[in-house]
Structures are given as C-alpha cells and as structure tokens.
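If you're matching them up, the sequences are chains A and B in order.
Each residue of the first sequence is one higher than the one before, counting from 23 in the numbering used here.
Each residue of the second sequence is one higher than the one before, counting from 23 in the numbering used here.
There are 2 protein chains.
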Amino acid sequence: MPIGLPRLTTLLIATLLPAAALVAGEAAPPMIGFEAGNARAELALEARFDEQLDAREMRAWLERMSAEPNQVGSPHDKANAEFMLERFRAWGWQAQIETFYVLYPTPTHVALELVGPHRFTAALVEPPIAGDRSSSRTKGVLPPYNVYGADGDVTGELVYVNFGMPDDYKELARRNVSVKGRIVIARYGGGWRGLKPKLAYEHGAIGCIIYSDPRDDGYGAADTYPAGAGRPAAGLQRGSVADMPIYSGDPLTPGIGATKDAPRIDRSAAQSLLKIPVLPISYRDARPFLEALGGPRAPAAWRGGLPFTYHIGPGPARAHLAISSDWAQREIYDVVAKLAGSAYPDQWVLRGNHHDGWVFGADDPLSGNVALMAEMKAIGALAASGWRPKRTLVYASWDGEEAGLLGSTEWVETHAAELAGKAVAYVNSDSNTRGFLGAGGSHTLQRLLNEVAAGVLDPLQAASVLARARAAAIVGASRGAAHTPEERRVAKGLLDGGDLPLEPLGSGSDFTPFLQHAGIPSLHLGFGGSEPGGVYHSLYDSFDHYIKVEDPDLRYGVTLAKVAGHVMLRLADADLVPLRAQDFSATVARYVEEIERYADRIREEAQDNHRLLDEKIYELAVNVTDPVGPPARDADVPYLNFAPLRNAATALGTSARAFDAAYAAALADPARLTPARAAAANGLLAGAERALLGEPGLPGRPWYRHMVYAPGLYTGYGAKTLPAVREAVEERHWSEVGDSVTMTAAALDAYRRALDAATAALR
Amino acid sequence: MPIGLPRLTTLLIATLLPAAALVAGEAAPPMIGFEAGNARAELALEARFDEQLDAREMRAWLERMSAEPNQVGSPHDKANAEFMLERFRAWGWQAQIETFYVLYPTPTHVALELVGPHRFTAALVEPPIAGDRSSSRTKGVLPPYNVYGADGDVTGELVYVNFGMPDDYKELARRNVSVKGRIVIARYGGGWRGLKPKLAYEHGAIGCIIYSDPRDDGYGAADTYPAGAGRPAAGLQRGSVADMPIYSGDPLTPGIGATKDAPRIDRSAAQSLLKIPVLPISYRDARPFLEALGGPRAPAAWRGGLPFTYHIGPGPARAHLAISSDWAQREIYDVVAKLAGSAYPDQWVLRGNHHDGWVFGADDPLSGNVALMAEMKAIGALAASGWRPKRTLVYASWDGEEAGLLGSTEWVETHAAELAGKAVAYVNSDSNTRGFLGAGGSHTLQRLLNEVAAGVLDPLQAASVLARARAAAIVGASRGAAHTPEERRVAKGLLDGGDLPLEPLGSGSDFTPFLQHAGIPSLHLGFGGSEPGGVYHSLYDSFDHYIKVEDPDLRYGVTLAKVAGHVMLRLADADLVPLRAQDFSATVARYVEEIERYADRIREEAQDNHRLLDEKIYELAVNVTDPVGPPARDADVPYLNFAPLRNAATALGTSARAFDAAYAAALADPARLTPARAAAANGLLAGAERALLGEPGLPGRPWYRHMVYAPGLYTGYGAKTLPAVREAVEERHWSEVGDSVTMTAAALDAYRRALDAATAALR
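Printed below as a string of structure tokens:
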C-alpha cells in the first residue's frame, strides 16, 4: 500500500556534480550535522556500504519471497518473516519476531451479479497470463475483496458515481440522482479507495463496487500485461477500506498495542470498520454493469475508457452483491532488528518496510523490502569489520500493512513510551520501480535528504539521483496545462537553485504511526514514475512482471538501498542530529498562507455563486438536452482570525534562523562543540518533534496528534498540513477554527521553545 | 461548413428584461442608429415580421430540400435553387440565379486497405440506420472524399499524428518519428481539416487519412445515432481540404469571378489545391489501422476513445490509399434577391446562407437556409403591405460553400466594384440547432447585435436569447479547469454588466469573402451547443436526425429568423448606420496587448527552454521506458517595435469616443440631424470598413486584405486578429514584423480618419 508512484514534484533536487566525484573524498560536500573531518570519514563509510550491495542477491530474495501468496494469515507470510529473522541474525543484528493479534476478516463467499435489465455474473477471478509463472499458482489466493468492508447481501439499482468523491455527489445532486437504497459503482482514482464506500454509505447507499477504468489504469495508460506494464482486462485492485483517517492499526485496539492480552473493543464499536459491503472488480467485469445504466449521460470528466457512452443511472441496471467473511483474529509478524549505538545508544534511528502483500506482492511491498534487507546485510558487514553507529539502528520489516498499517501501528503503540524517549527519526519505503526518486517527509530532514540524493548516482545516467529528480520536476512542470501553480512554483525554485522540497506525508504506508501518532520525524522514499502501475494490488504483481517491466535487474533496488542506507548512516553517525530548522519554518509559513488564501478564495467563490443563484444564471444556462440544476447554496464564508498562527509561524522563523546559525557555528568549530555540549544539544534535538503533538489530537480523531501533518479526512492518502485548521476551514466548521488555530499555534510555539533551548545549548 | 457549434464564450450578452416587455412598445429600449420615435416604429415592424414566421412551413421546406443528396453537381442542388427562385419571386423579391463555373472534382475510385502486417479493406460506406429514412436513399450519394485533395495511388508505412497540427509534428520529432515517404493517419479536431494533409505534405508524407475518433466525436461525446445525437461507428466527415487560408473560391480563378468566360489559371498553378491524396474515414474503418501500429506509445493527450493503447508507428501497419477523380468544371447556382431601399437604394444590406450540402445537408446548411427563407417571406409580406426598407436588402442562398465558399466568393469577386461602393454589412448563417445564440463578427456591430438579441425571446424560457447566452457564458467560464483566462475575463465582464463580445471571425462559412476580401462589416449568427455534432458532414445529417435530436419543431429555426431578421431590418431602416466605434477600438487595443504579451511570453519561454537545453535538464528527465528527446532549440525572441500599433490604437480610441458622442448627440436631437447631414454621415459610414483593407494584403496571401480579421494560416477556421502582425510574431518571421506593424497601423489610421470625417459630418 505505497503512497503511489511519486508525482514528479515529489522528486528531489540536485547539484549537477556527479556522485562519483562526491565519493572521491578530497573535496567533501557540505554534510549537515557533521564536522568536516567526520564528514570525510562518513563518505568513505558510505562507499564501503555501497560495495556490499548486490543486485543479484536482492533479485533472489525477491523471487523467493514472492513465490507464493503472502497476505496476512498465509503460510508464506510467516515463512518470509522467519526467513528474514534467520538472515538478520546471520548478518549480526539482534533480531526478533514480535507477534500481534489482529482482527483480520477474509472472504468466505463473494458474489456479484447484474440482475436487470439482463443477467450477468461477474467472474471475479484473475486468470493465468501467458509467461507469468506465478499467475497460475493460485493455491492460497483469496477471492477479491476490500478488507474491513462489511458483510452483506444486497440488491438494488445501480448508480455510477465517478470517483465517488465529495464533488461527485454534488454533481449527482444537480442531476437529481440519489444513491439512497442503491448500490454505487465507482472507478478507482480521484481519492483514497476507502472514502468511496464511506461516502456512499454516508449518502445512503447499501453497497459499493469499485472498478479500475481502462482509461486511467488499463489500455488507456499503457499496453496491457504481458505486452506492456498496463493493467489487463481481468486485473483488479484489492485494498483496505478501513477508515484509516480516524486511526490506523487493528480496528479493535485503537491507541494500544494488539498484544495477546490487550483489552479489545467490540467490533460494533470499531470506528474504522465500514458499514456496507464493498467489492473491487476488473474492467472486464465492470463493463456489463456500466453499459446497462440509463439515466443522464455522465459529465465529460466522468467518462472512462470503455467503448460506449457512460450514463449515471439509477438503473435500469440492478445489481446483487453478496459478501460473507471469516472475522477471525490472526497473527501478524513484525521482524525487528537492532544494532546498538556506541555514543548514543538511547537515540534510535528507525527504518522500515512491510513484507505482507495482497497476493504475491513482488512490487508492493517486496521490491522495497529487499532494499531494506540489502541495507541490513551491508551494515552488518560494516559492523563485522568493527564499525559501530553512534546512535542505535532499528530496522523492521512490518506485517499487515496492506490491511491498515497493522504491524507498524501495533508496534508503535506497544513501544510508545520507549519511542517517545528515544526515537530520532523513522525512514520508510514500500514499492520501488524504475524512474525518479520520490521523497516525502518532515521538512527538518529536507536538507539531509537533498545532500544524500546528490551523492548517489542514478543507475542509468552519469548524474545523481537528485539531478534526475530535479530535472523531472522542472520538465514536468514546464509542460504546462496539467500542472498547478504549486508545481510551477516548485519548478521555478529548482531552476533558481533551491532544494527540492519534500512532499508532506499523508498516509498509505507505515510512516503514519511514527510521524502522526508518535511525533517522530519521518521520511518516505522510493523510485518510480517510469511506467504506470498496471498491476497494483492484483494477482499480476508478480516476480515475472517486476523483472519484465518494473526494474529488470534491480538497479533501482540497489539505488534505493543506497539512498535510504546513507540517510540512516548519517542520521546514526552525525555529530549533531542532522536537521535544518528553516526548511521547516519556511514550509509552515507557506502552509499558513495557503490556508488564508484558500479561505479568501472560497469566500469569493461563495459570493459569486450566490450572485449567480440570485440572478437565476444557472437556470438560464440550462441545456434542455442535458439539464443540470444549480449547485447548492453554500454558507457565506466569514473572515477568520488566523493571526495567532501567523504570529507563531513568524516567531518560529526567527528562532529557526538563530538555531541554524548556532548549529552551523558549532560544527564549524570542533573545539567549541565539546562532547557534553553535543550531547546536550542532541538530547534536545532527538525529541524536538514531539513538541508538535497536540493534545487532545485532531478534532474527531484523537489518535492523530501531529499538528503539522495528517492524512485528510476526505483525501485519505493525501496529506493535509496544519490539519486541524485546514480541515476546519475546508469542512466549513467555522466555530472550530478558533480552537484549531490556538492548538496549532501552541504546538508551533512549543517547537520554537525546543529549538531555542537547543540554540542555547549550542552557544 | 459552419464554423462549428458556438463555444459558450461566443455567445451573447443580455439584459434580463424579458423580450415580451421589450416588444410591447411603450418603453422603447435604446436602439442604436435610430431616433427615439423611429425606434418605436421599428419595434412595431419587428413584431409584424415575427408574426409571419411559421415553423411548420420551415419544416416542410427543410424536409423537401433535404430529401435527396444536394452536393454541387447533383440534380437536387439545382432543383433546390430553382425552388427558391420561384418562391423568392412569389414573395415579391427581384430574384435571379447567378451561375458560376468552377473546378469541382468528384471521386471516381476510392480505396483504402491495410496491407500489412495483416490485410483489411476499409468499407468506406455509411450503411442505412433504422428509423432514418433518407439513410437508405443512396442514389446519387458520392463516395466519401475530401474535395480538392490530390489523386494518387500510394502505399506506405502508417504514422499516427494525433490532430496533425504543428505541435504534433514537434512531438513526433522528439520521438525521432518522421512521416517522410509515409502515410499519416490523423484524427479530426485540434484545427482545421485542410491543415492536416497540408502539414503532412510539408513534412514529406505521401498520403493522409483523417478519421473521427469516438472520444471526441462518437460514443465518448454522446449516445450514437439513432439512440442519441452522437456519431455512429460508420459515420464519416467529408469536407474541403482546399488551402482556403490562401484564398477561397474556385481554385482556378483567384480574385476574379468564375464566370463562363473568365480567364483561368492552370490546375498545376492553383495554390489552393492539395498535393497529396487524402481520405476521411469512420472510426469503424480506422480501428484496424490504428490497432496495427507499433512504435512509441502515443502521448497521453493523443489517446482517443478506441479500446486499445494508441501507438505512433511508423508501421508495422502499412496502408494502400488510391483516389481518382473526375476533375470536371461544374455549374453552381447562387440564388440572389433584392428589395430596393426607399431612402438609400445604393446602400446594400446583405444576408446569406448556403444551400449545398455534403449529402442531404438537413442541419448543414438547410436549417440555416430555411430561416433565411422565412425572413424573406416575412419581409415580402411587409413589403406587400406597403412598407419599404430605407436601404436595399440583398438576400442570397449560396451554392458550393462546402467545397470552399465557391458561390459566395465568386459572387463577391464578380460584383467587387459595386460592393465596394454599396455594401453596408453582410449577415451570415449556416447550421442551426437548439441551444444558445452564438455570434461572431465585426466589433462595430457588437452593440447592434446585443440590442437585437435582448429583444428576442428564447423559445423555451421566458428570457431573451441574450440573457440565456450571457448565462451560458458565465456558467461555462465559472466551471473552472477547462477554461482560459480570456473566457474568465469575458465572464467577469458579463457579470459586471458589459456587452457580450462578438467572437472575431476566421473562416468556415460564407462571410469570408465579404469581410476579409471585400471589407464589408459582417456578422455570423446561429444557435447551437445543446448537443454534440455527431452527424456533421455525414450521410446521417438527415431530416430525421434533425427532427429527432437537433431542433424537433424548428423553434430555434424561427428564433434565428427573428434575430437575423431584426438585425437586417435595423441595418436597413436605421437613421444612421448602426455601429458603435468604441466596441471596435477597445477590442483592437486588446488585440495589440495580446500580441505584445504573447511576444513577451514566447521570449521568456525561449529563454527558459535554452536554459533547460544548456543544462541538459531534458536529458536528465528522460524516462527510460518512454524516451522523449529534448525539443528543438527555438531562436531567441528579439524585442520588437509595436509602438506604431499602440499609437494607432490609442488614436483610434480617442476618435471612437468622439464619434460615438457625436453620433448619440445627433440622434438625440432630430432637429439637428437633417436629411442632408444624415445622408452625408451614412455615406461615410457605409464604406468605412473598407479603410481596414490593406494593400497588398496579408503576407503571402494577398487575397486576404482585412488588417484586423483573417483565418489563421495554421488555424484554418480559427481567427487571427491583426493577422499580419500576429502571424509574423507567431511564425517567428522577425524581419516581417516591422512592415506588418506599419501596414496594420496605417489601416487603423485610415479607419480613424474615416471616423473623424463622419464625426465632422455629424457635428
């Protein structure tokens, strides 16, 4: 369940220095957190690390681990965990499997039929594909399903709801189409999968079908597998529909670790469980349902790639959807390994990738997992030669990510107190394919990542991965039409020599509990963007597909291991925790501005809209052959008091400048940076991000406590920054804005005071 | 060959006064060109005119005239001309048929086959459709063809070139695909049809296939006929591919009337004839050709609605295209009728619509032609009751429009001298369907049209057609994403109460020789936009289709007759020629600004592009699985001297203000506006637009002489305003810019002096 292929703007910046020069050693580039002499040593260490990485070995792990279905509860999932445990120990790590006990329904009966105006029974199978060996190894493959959907047996008229996002329901209302008592069919895309049935339920629907439209994810995007990477007609996208924006992890143990004896809430009380049945299907299965719809023609933007005119319904198509599941408790296996730090054993630098897949999971998640394994083997070899990191390294391969970040969430919840005292940073990866480096994360780590990426060579060109990512972002944004002002701003900044910004993190992979629940600065890294997904969460996400069209010789797997490994080594070895405060303060200031501009914009739009309604402009503009009613009358948007947020952001900027100056001065003068002074500063910096956690957490979802980064309640994987304030404005909860501003400003003030304390320690 | 469905922004503005109130008579609204008392009388006249319009009779004419194929050279084409001649005379008009003798090739043999990697023979027929009576009446239907394409028999590898427009060839070059010695297949859209084979030829192609893609014009746009209005799978779009942006009319008599004995150039010297064979086909026929293409995947924006992944080629698809034609001279029949003016018999107000179709031509052109006939019958009845227009009315039904505006062009060329002395304005129409009023034309007539449209009721709502068009433009532009800053500017202007601007005229219908060759202020009017075209230039443009989905009871036909008829009556009866100069001067000033901004923009883009090329950003951003090379290095864009144009536009604005003030003052004081003074002013105003003709015409195409409006050399139907200057900049002919600025400024100055003279006459 990766956050998806990196958008080009997610990608990283570059100096144009070839990495070969950077690792040569004479002219060390700036290395945040390191004294000059130590930086030179660190480069040499990284060169030794790189020498240990072996693409053929990674390929062998990938083939082995993706040989059988490895979803939660499968024998191969456990076997993979045990294989890693044995390897990690062999490589010198102190490793163990931590087992958690989670609610994990699996389907026992799944059926979907068109029952009117004619009959059709959906096949709901992904048949073997010539040349793809694992596609015929279907022993242990579960029927298609969206985990944490409800059981049910429903029959009703069908309504096509486009992506099934909030704006789509507004369009339906303008056409007098209600989904109440009906079954919706939505295409994938436009927002997180779990929102589709959630919104359908909130609008009164009794069931939800989600299909992959070939325009977005099929022949419209790429030649279909096996001719190309694209989704074949029978390929379908499984995935979780738990309400993760409320909390991630086991639905029955919100906020606490799902250990054997943990107290559990009743299933009926679990807020993250969906209330209606939902089923993912292929476009081959979807076609007869969509083609049987009547009613209004779908708006132009709703039309997909099937060769007929899309209609909305309701009916005459009627569907019957039946799902029963085994709501058993199952075991999940996190494999966690440590290598103790020499100077700061109680400062932990964490790294993770999950190992459970939807079926074979070669790309998602094993391509990222084998990079993590390669890093561990290389670090083990460095350790065997006598090296020790200054800080403790913690590497983990999580289980149960696909269902809802189960393994990582339960581990974080179980070890919450220890993490609060010790965690310095968490580095995540998930799927990885050919293409360009994508990175999101905490903006204090932006400089670190830029420096690391500038020092890693792209496997196909004599340029750093940063140079390539930077170029892709510039060229992508300069192509025009499809791009936002934000993307153009980023491209302009890059051309002017600025660092490539990290994308803020929403959700969709294991960084969520670390960053948003526990307040641990996080990075999420991966390569991609060369080819469209095509097999995402399908049976065809296989070793053969991966080797054929994703990363044939795992060169980008090795490159991910370099980037993530260097980040880990620098975090572990830095003289001072490697962060730059001004990248964060400037980003926060921009977020505040964004929200203010957004409020101004929706205020003007509401005024315009009211004028058009009052003057009957919509009625006058009605097209008799395709009538669309006026939009609903939004409430007026009041002027809101963002001043406390502005004040906090401005003060943060001042403190950040002072901190960065003191930090640079300390590192430039090793005589002044005594071990005691460094230890004092590091102690303060290691836990600084926890100041950004607010109590009692975000409105309506207290599990999410970070006041700067969260997944959106109505975007799912997509990030909302300064979420308490932004969502109060977006959801038009005007009365909430004041408290949200106060709480967010308080968190920024707390972080500012933490910086000020560190500045004082460094002076 | 209409200029296409009106875009919403083409549509007209509105006061929200219901037209019913406007025609009641007590409170006459402002009526440009009329003294108050005369305005009241004119409203009464219009009410009598409206009473004469009879939708059932129009429907009967439409059914009769579309009963058989009526392309140039068909028996029914001549029969329709004779029918109209008889009617016009019966209605009291002085009418005659003027015959011209034009080169008009018709196909004798047409064949298209896929010859590799497998064989397929294109059907090239439009089979009967259930419920459409004329679709089985195929006697006299010609094979599909694009008139004025070359004969030829060619075989070669196929290349998909998207729309076949200049930017598409840049994309091909970036993928190292050449069309040299190959056959291109282009989809309709993106620019005028005739440019597709022209550009293909200029890039070395030996043949051209044009097809209608179902995404744009088929099931992707609407349910297909007979279920809806959309283009059925076998429907194909005929059309002219003469190089009309060079000159319109008979290819062998550029600039002179194609009378029986006119001197003719040799076919080989005819600049407007295409050099390679070209054939229009349906998407049913196109599919096997496109599906057989290999090579690079088509860029996302190139992908159509057929259910497979589009590729560019070249090959392995190979095509064989053979076309032979009978290059005969044929007769065309313009039916021209006059009603002499009482006060100014030598001031002509002209109105036209063509009567030839591609097959049955119910929508295009007969729906507009029956409105023109209804106007003539109504005016005849007014005349029979003793009324006479002040100015002479000239109504014409043109032949041969589809092939290249043959009838109108030859008539204008034949009567050039008389028109130069007498023509006041020309009002054109073509296809007409349900929807919203669209209007383009000379901006001096903008106020007139706004006033007329404010006084005509929409047939479906109690609102004026102006109110509805204004609403459609506002709502259309407020929908966001798909809209240009220009459209948003228009919408904002409308909301603030401004007149709805006329679209500038390019080409594609019979206004071209009047406006752009002869310098006669023109309007082009029509309703549309309710349903996508679907049957444009196909066999299925039939009476049954028209009645079923276009304008079932011809209510919008009657409404067009009202709008065009009122415009004609006001032009004929006005005390002073009804024009407002500031609408024109303000529009010209905006065009000057547009061109300056455009030059600035491409200068910056060139600078950015050079920087990206120099820094190898494109190479760094290459996607290994879909490699696209860097764009070509454009020349630097110099700073250019637009000052003479700015000066001319500013001076024009000053004179326009003075003129409009003097004009309003004269009409407000009937005692001052003596007949002699009015005659003097009218004499100056009638011919004022001729001042905008420049000698020796536009660079490379002297037939086009208007310095403000022209069809684009590389947009075809699309307008280029201030064309000499704009195209010199767009085509990067820097050395031409100076002369073009001088010539255009001189024309604006001449027009300003004509206005000044009229102002003096009015004072």
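Virtual Cβ for every residue (Gly too), placed ideally from N, Cα, C.
- Under the Cβ distance rule, Thr647 (chain B) counts among the residues neighbouring chain A, one pair being separated by less than 8 Å.
- Residue contact check for Tyr640 (chain B) against chain A: a CB pair falls below 8 Å.
- With a contact defined as Cβ atoms closer than 8 Å, Ser560 (chain B) and Gly257 (chain B) qualify at about 4 Å.
- Burial check for Ile287 (chain B): the Cβ neighbour count within 10 Å stays below 16, so the residue is exposed.
- Uninterrupted alpha helix (DSSP H) stretches at least 4 residues long and entirely within the stretch 89 to 167 of chain A occur at 97 to 112, given in chain order.
- The continuous beta strand (DSSP E) containing Leu301 (chain A) extends over residues 300 to 303.
- By the Cβ-count criterion, Thr414 (chain A) is buried, with 16 or more other Cβ atoms from all chains shown falling within 10 Å of its own Cβ.
- Residue contact with chain B for Gly734 (chain A): absent (no Cβ-Cβ distance below 8 Å to any residue of chain B).
- Spatial neighbours of Gly216 (chain B) in its own chain (CB-CB distance under 7 Å, excluding positions within 5 residues in sequence) are listed in chain order as Ser262, Val263, Ala264, Asp265, Met266, Gly738.
- Under the three-state reduction of DSSP output, Phe71 (chain A) falls in the helix class.
- Your pair Ala461 (chain A) and Leu471 (chain A) checks out as a contact, with CB atoms roughly 6 Å apart and the cut at 8 Å.
- Between Val94 (chain A) and Arg352 (chain A), the beta carbon gap of about 6 Å places them in contact (Cβ cut-off 8 Å).
- In the displayed model, Gln293 (chain B) falls within coil according to three-state DSSP, outside both helix and strand.
- Gly550 (chain A) counts as buried, since at least 16 other C-beta atoms from the protein chains shown sit within 10 angstroms of its C-beta.
- The DSSP-derived three-state label of Phe533 (chain B) is helix.
- Arg625 (chain A) has a beta carbon lying at 8 Å or more from every beta carbon in chain B.
- Distance from the CA atom of Asp573 (chain B) to the CA atom of Asp452 (chain B), rounded to whole angstroms, is 14 Å.
- CA-CA distance, Glu473 (chain B) to Tyr562 (chain B), rounds to 37 Å.
- Spatial neighbours of Ala671 (chain B) in its own chain (CB-CB distance under 6 Å, excluding positions within 5 residues in sequence) are listed in chain order as Val610, Ala611, Val614.
- Ala621 (chain A) is classed as buried because its beta carbon has at least 16 other beta carbons within 10 Å across all chains shown.
- Close partners of Arg490 (chain A) in chain B (Cβ separation under 8 Å): Leu642, Ala643.
- Looking at the backbone, the Cα of Gln259 (chain B) and that of Ser156 (chain A) are separated by about 48 Å.
- For the 8 Å CB-CB criterion, Arg490 (chain B) and Phe458 (chain B) form a contact.
- For Pro523 (chain B), the closest of B:Ser564, B:Asp605, B:Ala243 by C-alpha to C-alpha distance is B:Asp605.
- In this structure, the beta-carbon distance from Lys297 (chain A) to Ala172 (chain A) falls below 8 Å.
- In the three-state DSSP reduction, Thr414 (chain A) falls in the strand class (E or B).
- It is roughly 24 Å from the alpha-carbon of Val478 (chain A) to the alpha-carbon of Pro652 (chain B).
- For His588 (chain A), the uninterrupted alpha helix (DSSP H) segment begins and ends at 577 to 595.
- When the beta-carbon positions are compared, Ala678 (chain B) and Leu784 (chain B) stay at least 8 Å from each other.
- Residue-level contact by beta carbon fails for Gln259 (chain A) and chain B, as no gap is shorter than 8 Å.
- Chain-order list of chain A residues neighbouring Arg325 (chain B): Gly242, by C-beta distance under 7 Å.
- Non-local beta-carbon contacts of Gly242 (chain B) in its own chain, meaning distances under 7 Å to residues more than five positions away in sequence, involve Pro236, Gly327 in chain order.
- Among the residues of the stretch 461 to 494 of chain A, those with a Cβ less than 8 Å away from any Cβ of chain B are Leu482, Gln483, Ala485, Ala489, Arg490, Arg492, Ala493, Ala494, in the order of the chain.
- Contacts between Ile496 (chain B) and chain A, judged by CB atoms closer than 8 Å, involve Leu634, Ile639, Ala643 in chain order.
- Under the DSSP definition of a beta bridge, Ala341 (chain B) partners with B:Leu136, B:Gly178.
- Here Ser346 (chain A) carries a strand assignment [DSSP, helix/strand/coil].
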